[in-house]
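Q: Note that the protein sequences, when read in sequence, are chains A and B.
Take the first sequence: its position 277, counting from 1, is numbered 277 in our numbering, and each next residue is one higher.
Take the second sequence: its position 7, counting from 1, is numbered 7 in our numbering, and each next residue is one higher.
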Amino acid sequence: MSTATATATHDEHHEHGPAKGLMRWITTTNHKDIGTLYLLTALVMFFIGGAMAMVIRAELFQPGLQLVEPEFFNSMTTVHALVMIFGAVMPAFTGLANWLIPMMIGAPDMALPRMNNWSFWILPFAFTLLLSTFFMQGGGPAAGWTIYPPLSLQMGDGFPFMIFSIHLMGISSIMGSINVIVTILNMRAPTMTLMKMPLFCWTWLITAYLLIATMPVLAGAVTMLLTDKFAGTSFFNAAGGGDPVMYQHIFWFFGHPEVYILILPAFGVVSSIVPTFARKPLFGYSSMVYATASIAFLSFIVWAHHMFTVGLPTVGELFFMYATMMIAVPTGVKVFNWVSTMWKGSMTFETPMLFAIGFIFMFTIGGFSGLMLAIAPADFQYHDTYFVVAHFHYVLVTGAVYSIMAATYYWLPKWTGHMYNEKLGKLHFWLSTISVNVLFFPQHFLGLAGMPRRIPDYSVQFADWNMISSIGGFVFGLSQLLFAYLVIKTIRGGEQATDRVWEGAHGLEWTLPSPPPYHSFTEAPVVK
Amino acid sequence: MKAVRITRYLSAVGVTGISLGSGPVLADYALNMRTGATPTSAQVYDLHMTIFLICCAIGLLVFGAMIYSIIRHRKSRGAVAAQFHESTTAEIAWTVVPIVILVSMAVPATKTLLAMEDTSDSDMTIKVTGIQWKWKYDYLAEGISFISSLDPKDNEARQLDSGVNVAGIDHYLRNVDQPVVVPVGKKIRFLITANDVIHSWWVPDLGWKKDAIPGYINESWARIDKPGVYRGQCAELCGKDHGFMPIVVVAKNEADYATWVAQKQADAKAAMASADREWSKEELLKHGAEVYAANCAACHQASGKGIPGAFPALAGSPVATGPVKGHLDTVLNGRKGTAMAAYRDLLNDADLAAVITYERNSWGNDAGVVQPAAVKAAR
Chain A
1 MSTATATATH DEHHEHGPAK GLMRWITTTN HKDIGTLYLL TALVMFFIGG AMAMVIRAEL
61 FQPGLQLVEP EFFNSMTTVH ALVMIFGAVM PAFTGLANWL IPMMIGAPDM ALPRMNNWSF
121 WILPFAFTLL LSTFFMQGGG PAAGWTIYPP LSLQMGDGFP FMIFSIHLMG ISSIMGSINV
181 IVTILNMRAP TMTLMKMPLF CWTWLITAYL LIATMPVLAG AVTMLLTDKF AGTSFFNAAG
241 GGDPVMYQHI FWFFGHPEVY ILILPAFGVV SSIVPTFARK PLFGYSSMVY ATASIAFLSF
301 IVWAHHMFTV GLPTVGELFF MYATMMIAVP TGVKVFNWVS TMWKGSMTFE TPMLFAIGFI
361 FMFTIGGFSG LMLAIAPADF QYHDTYFVVA HFHYVLVTGA VYSIMAATYY WLPKWTGHMY
421 NEKLGKLHFW LSTISVNVLF FPQHFLGLAG MPRRIPDYSV QFADWNMISS IGGFVFGLSQ
481 LLFAYLVIKT IRGGEQATDR VWEGAHGLEW TLPSPPPYHS FTEAPVVK
Chain B
1 MKAVRITRYL SAVGVTGISL GSGPVLADYA LNMRTGATPT SAQVYDLHMT IFLICCAIGL
61 LVFGAMIYSI IRHRKSRGAV AAQFHESTTA EIAWTVVPIV ILVSMAVPAT KTLLAMEDTS
121 DSDMTIKVTG IQWKWKYDYL AEGISFISSL DPKDNEARQL DSGVNVAGID HYLRNVDQPV
181 VVPVGKKIRF LITANDVIHS WWVPDLGWKK DAIPGYINES WARIDKPGVY RGQCAELCGK
241 DHGFMPIVVV AKNEADYATW VAQKQADAKA AMASADREWS KEELLKHGAE VYAANCAACH
301 QASGKGIPGA FPALAGSPVA TGPVKGHLDT VLNGRKGTAM AAYRDLLNDA DLAAVITYER
361 NSWGNDAGVV QPAAVKAAR
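1) Counting Cβ pairs closer than 8 Å, one from the stretch 451-460 of chain A and one from the stretch 427-439 of chain A, do we hit at least three?
2) Taking CB distances under 8 Å as the criterion, tell me whether B/GLN301 reaches chain A.
3) Against chain A, does B/GLU91 count as a neighbour if the rule is that its beta carbon must be under 8 Å from one of theirs?
4) Ignore the nearest five residues each way along the sequence and tell me which others in B/TYR343's own chain have a CB closer than 8 Å to its CB.
5) According to DSSP, simplified to helix, strand and coil, what is B/SER200?
6) Is A/PRO63 close to chain D, meaning its C-beta is less than 8 Å from at least one C-beta of that chain?
7) State the start and end residues of the unbroken alpha helix (DSSP H) segment that holds B/ALA222.
8) Mapping DSSP to helix, strand and coil, what is B/THR7?
9) Confirm, please, whether the CB-CB distance from A/LEU486 to A/ASN437 is below 8 Å.
10) Taking DSSP as the reference, what is the three-state secondary structure of B/LEU26?
11) Using the rule of at least 16 other Cβ atoms within 10 Å of the residue's Cβ for burial, across every protein chain shown, is B/GLN83 buried or exposed?
12) Going by C-alpha to C-alpha distance, which of B/ASP170, B/VAL369, B/PRO318 and B/PRO204 sits closest to B/PRO39?
13) So which residues of chain A does B/ILE357 contact, with C-beta pairs closer than 9 Å?
14) Quick one: is A/LEU22 buried, meaning 16 or more other Cβ sit within 10 Å of its Cβ, or exposed?
15) Using a C-beta to C-beta distance shorter than 8 Å, which residues of chain B count as neighbours of A/PRO70?
16) Round the Cβ separation of B/ILE144 and B/VAL291 to the nearest angstrom and send it over; I've been treating them as touching at under 8 Å.
17) Could you round the C-beta distance between A/HIS393 and A/THR490 to whole angstroms and report it? I think they count as a contact, below 8 Å.
18) Let's see if you can read the secondary structure: which residues bound the alpha helix (DSSP H) around A/ARG57?
19) Excluding the five sequence neighbours on either side, which residues of its own chain have a C-beta within less than 8 Å of the C-beta of A/ALA221, listed in chain order?
20) Quick one: any contact between the stretch 24-40 of chain A and the stretch 459-471 of chain A, if contact means 3 or more CB pairs under 8 Å?
21) Is the Cβ-Cβ distance between A/GLN461 and B/GLY207 less than 8 Å?
22) Hey, would you say A/VAL401 sits closer than 8 Å to A/VAL89, going by beta carbons?
23) Looking only at C-alpha atoms, which of A/THR214, A/THR227 and A/VAL245 sits nearest to A/ILE261?
24) Within its chain, find whatever has a CB closer than 7 Å to the CB of B/VAL25; leave out the 5 residues flanking it on each side and keep chain order.
25) Can you tell me the Cβ-Cβ gap for B/TRP279 and B/PRO372, rounded? I've got them flagged as a contact below 8 Å.
26) Using a Cβ-Cβ cut-off of less than 8 Å, give me the residues of the stretch 181-203 of chain B that come near chain A, in sequence order.
27) Can you give me the C-alpha to C-alpha distance between B/VAL4 and B/ALA235, rounded to a whole angstrom?
28) Would you identify the three-state DSSP class for B/GLY21, choosing helix, strand or coil?
29) Give the straight-line distance between the Cα atoms of A/ALA328 and A/LEU371, rounded to the nearest whole angstrom.
30) My output table needs one value for B/THR193: the three-state DSSP class, helix, strand or coil.
31) Kindly say whether A/LEU383, judged by its beta-carbon, lies nearer than 8 Å to any beta-carbon of chain B.
32) Using three-state DSSP, classify B/SER409 as helix, strand or coil.
33) On the three-pair Cβ rule with 8 Å, is the stretch 285-295 of chain A touching the stretch 359-368 of chain A?
34) Might you give, ordered along the chain, the residues of its own chain that have their beta carbon closer than 7 Å to the beta carbon of B/LEU369, omitting 5 neighbours on each side?
35) May I have the straight-line CA-CA distance separating A/THR522 from A/ILE273, to the nearest angstrom?
36) Looking at the secondary structure, which residues open and close the alpha helix (DSSP H) in which B/MET66 lies?
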C-alpha cells in the first residue's frame with residue numbers, strides 16, 4: 001500500500017487485450033467491440049422487423065382476410081416500422097460510426113468510451129420492453145409507428161412499456177451523438193482539418209447534431225401521451241382544451257429530421273465507396289459538405305408536409321410546400337456530384353460498388369416520388385396511400401439499408417481480415433435488387449389507384465399488384481438470409497485481406513492492418 | 001448504332017408515358033390516378049402528370065449519364081481515371097437550374113391549392129362525422145341524418161376464415177348500406193369532423209381527402225359534373241376496422257336528387273312517429289338484430305361474447321341483464337375512457353329500443369323489453 005509498491009506495480013505495465021468470454025462484450029469500452037455489438041444487434045433486429053413485414057405481405061397476398069385479425073395486422077405494421085427504424089437502421093449506422101470514425105480521423109477510440117458502452121447496452125433492454133408488449137393484455141402497439149392520439153391512447157396494458165422503450169432508445173441515440181461530436185471535434189489527427197476529413201465523418205457529425213436537437217422533442221411528445229393517459233392532462237384531447245393535431249406537429253418536428261438522420265450517414269458511406277471503385281477523388285467535396293449541412297438545416301422547417309390533410313391554414317400549406325420542394329436542390333447536388341465522381345473514372349463493380357450504384361439509382365427514384373409528394377394539392381390524393389409507402393421504402397430500403405450493406409461489404413475485410421465471397425456477394429445484390437423493385441415499384445400504382453395504407457384487406461381492383469408485391473417481398477426476405485450467411489462466414493474465416501483491401505481505397509483506416517489491432521492509432525498519425 | 005438504341009429506348013418511355021397519361025385504364029393492373037368526376041380532380045390530375053413527367057425527364061438525364069458512364073468508364077474497357085474533382089461552374093449550374101424548375105412547378109401548384117381552399121358560395125352543406133368504424137352524414141338544411149356502414153354482406157365476407165370468395169362480391173369493401181346522395185352541378189360544402197379518433201374522408205374521384213379530427217371541424221368542397229357512383233374509404237388509421245369504413249357518393253341529376261331528399265325526409269318522420277307507438281317483442285327483436293349487426297357486432301361480436309381484454313361480452317353481462325336504467329345509460333352516453341361510443345346522436349329512439357331489447361334477449365339473456373318511449377324519456 002506504500003507509494004513505492006504502487007509505483008513498482010504500475011511499471012509492470014502488461015499488454016491487455018480484450019477480456020475473455022461474455023464479460024468482454026458486456027464491459028467493453030473499445031470502439032471496435034461496441035461497433036460490432038451495434039452491427040450484429042442491427043442485423044438481428046433487421047430479421048425481426050423483416051419477419052413482421054413477411055406477415056404483412058402474406059396477409060396482403062390476396063384480398064379477404066386469411067391469416068391474422070385486423071388488430072394484430074395493425075400491430076405488425078406498427079412494430080415493423082419501430083424495429084426497422086430504431087432497431088436496425090439507426091443502430092447499424094451507429095455501429096459504423098463507432099468502428100470507422102476513430103480510424104478515419106486517426107484517433108485511438110471514441111472520446112467517451114464508458115458512455116459508449118451504455119449507449120449500446122440500453123438497446124437490448126429497450127427492445128425487450130417493446131416486444132414484450134405483444135404478450136400483454138391488449139397486444140402490441142397498433143396505432144402506427146407515429147402513434148397519433150387519440151387512437152394511441154386506446155392501446156392496452158403495453159402502452160407505458162412502449163413509451164418507456166422509446167425513451168430508452170432516445171437516450172441511447174443522444175449519448176451516442178454526444179460521443180460522435182466530441183470525438184470528431186477534439187480527436188482528429190493534428191493535420192486533419194475539418195475540411196480534410198472523410199465525408200462519412202462530416203455526415204455523422206451533422207447527423208449527431210440533428211439527433212441531439214430532435215430526440216428530446218420525441219421524448220416530450222410521448223411523455224405528453226403518457227400524461228394524457230394516466231395523469232389527467234388534455235394535451236391532445238379537444239374536450240379538455242387540447243388538440244390532437246398538436247401531437248402531429250410535435251411528432252413531425254422530430255420525425256422529419258429523423259428521416260434525414262436515417263439517410264445522411266448513407267450519403268457518407270456512398271461518398272466513401274464510389275471514389276474507391278472509380279479510382280477517382282470524390283467530386284465537389286466542399287459542395288458535398290455544404291449540401292449536407294443545407295439538407296440538415298432545411299429538415300427543420302418542412303415537418304408539416306406530413307400533415308397536408310389535417311386542415312392547415314392555406315399560407316401554412318404553401319410555406320411547407322415551398323420549403324419541402326427546396327430540399328430537392330441540395331439533394332440533387334449530391335447526386336450530380338456522385339455521378340461526376342463516376343464520370344471518366346476507371347470503374348470496377350465489386351459488391352460494395354454495386355450496392356452504392358444501386359443506392360444512387362433507387363434513392364433517386366425515391367427522391368422523385370418525394371418531390372411529387374411535396375406538391376400539396378397533389379398530396380391530397382397521395383397522402384396515407386401506398387404511394388407514400390413506396391416512396392419511403394425506396395429511400396429507406398434501397399437507400400439507407402443498401403448503404404449499410406454496401407458499407408458492410410466494403411469494410412468487412414478491414415474489420416475481420418477476411419475477404420467475403422465475391423460471387424455470393426454479387427448474387428445477394430442481384431437477387432435483392434430485382435426482388436426489391438418487384439416488391440415496392442407496384443406500390444406506386446396501388447397508391448395512385450386509391451389503396452390506403454395500414455389496411456389488412458382491400459378491394460379486388462388492388463389484388464393484382466398486391467400479389468406481385470408480396471412475391472417480391474418473399475424473395476427479398478429470403479435473399480437477406482444470404483447476407484447473414486455471408487457476414488457470419490466472413491467473420492469466421494476467408495481469404496486473408498491486405499491492408500489496403502481495395503486498389504483505389506484512400507483514407508487512414510486503410511493504412512492499418514486487416515484486422516486492425518484492438519487499440520489503433522495510439523500515436524496520432526500524420527495526414528498530408 | 002448507339003443513336004438507334006437510344007432512340008428506341010426513348011420511344012418506349014414515351015409510349016409508356018402516353019399510356020399512363022390517357023384516361024381510364026384497366027381496373028386491374030391500374031397504373032395511374034384517374035381524372036375523376038370534378039373540375040378539382042382534373043386539375044389535380046394535370047398537376048400530378050406535370051410533376052411526374054418533369055421527374056421522368058430529369059431521371060432520363062441522370063440515369064442516362066450513369067448508364068453511359070458504367071458502360072464506357074470501366075477499368076475492364078481500359079479506361080484510365082481522370083483526376084478532376086471539382087468545378088464551381090458545375091455546382092452553380094446544377095443548383096440554379098433545379099431552382100428554376102422548382103419555381104415552374106410551384107406556380108401551378110399554388111394556383112390549384114388556392115382554388116381548392118375556397119369554400120365560399122356553396123349551394124349546400126353536408127356534415128361528415130367519422131366514427132369507429134362508420135360514417136355519419138347530416139344534411140344540415142334538409143334535416144336528413146343517417147349512418148353509413150360497410151354493407152352487411154361485405155362485412156360477413158371480410159371476417160377471418162369467412163369462407164366466402166370475396167372476388168365474387170361486386171365492389172367488395174366499397175359497398176355501404178346507405179350512400180351519400182348528392183346533386184350534380186352544385187357546389188357542395190363538406191364539414192368534416194369525428195367522434196372519437198382521427199379518421200380521413202377520401203373519395204379519389206372528388207380529388208381530395210380531409211382528416212376528420214375529434215373536436216375540430218375541417219371544411220372542403222366539391223362540384224360533381226356527371227351523375228354516377230363514386231367510391232372511397234377512410235384514409236387515416238383509426239383502429240382495427242380502419243380498412244372497413246367505405247364511402248359511397250351517388251351523384252344524381254336534380255330531379256332524382258329531389259325525390260331522394262323527399263323520401264329521406266319522409267323516412268325520418270316515420271321513424272320519429274314509430275317511436276310514439278308500442279312495438280311488439282318480435283318487431284323489436286327483428287329490428288334490433290339489424291341494428292346490432294350494423295353497429296355493435298364489430299366489437300361485441302355476433303356471438304355476444306366480445307373479445308376478452310378488449311371488448312366486454314354482452315352474453316350474461318351485468319349491464320345487459322341488470323337494470324334497464326344502467327343499460328340505457330351505457331348505450332346512450334358511452335363509457336368514458338373506453339372505445340364504447342355514445343349512441344344518443346347516432347341512433348333514433350326506435351333503433352335504440354330495438355337493439356337494447358335484442359341484447360337483453362339474446363345469447364341466453366332474458367331481461368325484458370324496452371320500448372322507444374322509454375328511450376325518449378331517458379334522454
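The C-beta atom is built at its ideal place from N, Cα and C for all residues, glycine as well.
A: For this structure:
1) no
2) no
3) yes
4) Correct list, in chain order: ASN295, VAL331, LEU332, GLY334 and LEU352.
5) Looking at B/SER200 - three-state DSSP - the assignment turns out to be strand.
6) As a matter of chain content, chain D is missing from the structure shown, whose protein chains are A and B.
7) For B/ALA222, no alpha helix (DSSP H) run applies; the uninterrupted beta strand (DSSP E) run containing it begins and ends at 218-223, by DSSP.
8) In this prediction, B/THR7 scores a pLDDT of 47, lower than 50, which makes its location untrustworthy; no coordinate-derived value is stated.
9) no
10) Caution is warranted here: a pLDDT of 43 is assigned to B/LEU26, below 50, making its placement in the model unreliable, and no coordinate value can be reported.
11) exposed
12) Of all alpha-carbon atoms in B/ASP170, B/VAL369, B/PRO318 and B/PRO204, the one lying nearest the alpha-carbon of B/PRO39 is that of B/PRO204.
13) Per the sequence presented here, residue 357 of chain B reads as Thr, with Ile not at that position. Contact of B/THR357 with chain A by beta-carbon distance below 9 Å is absent, the smallest such distance being about 29 Å.
14) Exposure of A/LEU22 is indicated by the presence of fewer than 16 other C-beta atoms within 10 angstroms of its C-beta.
15) LYS240, ASP241, HIS242, GLY243 and PHE244
16) Actually they do not touch by this definition, with Cβ atoms about 19 Å apart.
17) Approximately 28 Å separates the beta-carbon atoms of A/HIS393 and A/THR490; this is outside 8 Å, ruling out the contact.
18) 31-59
19) TYR247, ILE250, PHE251 and PHE254
20) no
21) no
22) yes
23) Taking only the C-alpha atoms, the option nearest A/ILE261 is A/THR214.
24) Residue placement at B/VAL25 is poorly supported in this model, since its pLDDT is 37, which falls under 50; the coordinates still yield a value, given next. Within the same chain, B/VAL25 has close Cβ partners LEU31 and ASN32.
25) Taking a contact as a CB-CB distance under 8 Å, the pair B/TRP279 and B/PRO372 counts as one, their CB atoms being some 7 Å apart.
26) ASP196, VAL197, ILE198, SER200 and TRP202
27) Because B/VAL4 carries a pLDDT of 45, less than 50, the predicted location of this residue cannot be relied on, and the following value inherits that uncertainty. Straight-line Cα distance between these residues: approximately 46 Å.
28) Only weak support is given to the placement of B/GLY21: the predicted model assigns it a pLDDT of 43, under 50, and the value that follows is read from those uncertain coordinates. Looking at B/GLY21 - three-state DSSP - the assignment turns out to be helix.
29) A direct Cα-Cα distance of roughly 7 Å separates A/ALA328 from A/LEU371.
30) strand
31) Rather than Leu, the amino acid found at residue 383 of chain A in this sequence is His. Output row for A/HIS383: interface = yes.
32) Chain B is shown only over 1 to 379; residue 409 of chain B falls outside these bounds and no answer can be derived.
33) no
34) Looking at the sequence provided, one finds Val at residue 369 of chain B rather than Leu. Result list for B/VAL369: LYS281, LEU284 and THR357, in chain order.
35) Straight-line measurement puts the Cα of A/ILE273 at about 26 Å from the Cα of A/THR522.
36) 39-72
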